[in-house]
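Participant: When we follow my numbering, the leftmost residue of the sequence shown carries the number 15, and every step to the right adds one. Just so you know, even glycine gets a beta-carbon here, dropped at the ideal spot from N, CA and C.
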Amino acid sequence: MTDAETPAAPSFDTKVVVVLADGLAAWQELNVTAFVASGIATSAPDLVGEPYRDADGTVYLPMLRQPVMVLTADSAMLAGMRRKAAARDDIALAVYTRELFGTSHDAANRAAVAAVAAADLDLVGIALRGPRNAVDRIVKGAAFHA
Numbered sequence: 015m016t017d018a019e020t021p022a023a024p025s026f027d028t029k030v031v032v033v034l035a036d037g038l039a040a041w042q043e044l045n046v047t048a049f050v051a052s053g054i055a056t057s058a059p060d061l062v063g064e065p066y067r068d069a070d071g072t073v074y075l076p077m078l079r080q081p082v083m084v085l086t087a088d089s090a091m092l093a094g095m096r097r098k099a100a101a102r103d104d105i106a107l108a109v110y111t112r113e114l115f116g117t118s119h120d121a122a123n124r125a126a127v128a129a130v131a132a133a134d135l136d137l138v139g140i141a142l143r144g145p146r147n148a149v150d151r152i153v154k155g156a157a158f159h160a
């Protein structure tokens, strides 16, 4: 495809952001990002694009249609972000708690989260999707992941 044939980049009225806790090991950051992004991918039917195909015709799975920003924050900021996001009807929210590093399947993950009150969750990552301005306000103060 030439530059003249390349479609214009779409403008999204929503934003997807993953916020990770400071101080995680690299494998933990990747694990948390993958899990919470999968939650966002299921939050609305139009978030996932069409399957990919290479020039040989091999088909690959579709992925999220819009960019995902990855930020970092301390535990107090993560808790505040979770609280603000949960209070809004227009924000999709996924959480990952420290306890999930010790579980091995979905039912155990859900049980670990269910055992703790929202305000007491030991968050190591969240993902949000919602109106751009609202998401920007919720994650204000978080740093770009380096």
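1. Under DSSP, the alpha helix (DSSP H) around Lys98 begins and ends at which residues?
2. Compute the distance between the beta-carbons of Asp150 and Lys29, then report whether it is under 8 Å.
3. Would Leu137 pass as a contact of Arg97 if the rule is Cβ separation under 8 Å?
4. What are the boundary residues of the alpha helix (DSSP H) that includes Ala122?
5. Mark Thr86 as exposed unless 16 or more other C-beta atoms lie within 10 angstroms of its C-beta, in which case mark it buried.
6. Can you give me the C-alpha to C-alpha distance between Val73 and Pro65, rounded to a whole angstrom?
7. So what does Val32 bridge to, in DSSP terms?
8. Is it right to say Arg143 is buried, meaning 16 or more other beta carbons lie within 10 angstroms of its own, or is it exposed?
Facilitator: Taking the coordinates as given:
1. The continuous alpha helix (DSSP H) containing Lys98 extends over residues 89 to 100.
2. Contact: yes.
3. No, Cβ-Cβ distance for Leu137 and Arg97 is not below 8 Å.
4. Where Ala122 is concerned, the enclosing alpha helix (DSSP H) stretches over 120 to 128.
5. With 16 or more neighbouring CB atoms inside 10 Å of its own CB, Thr86 falls in the buried class.
6. Their Cα atoms are separated by approximately 7 Å.
7. Beta bridge pairing from DSSP links Val32 with Val84, Ala141.
8. Counting C-beta atoms within 10 angstroms of its own C-beta, Arg143 has 16 or more neighbours from the protein chains shown and is therefore classed as buried.
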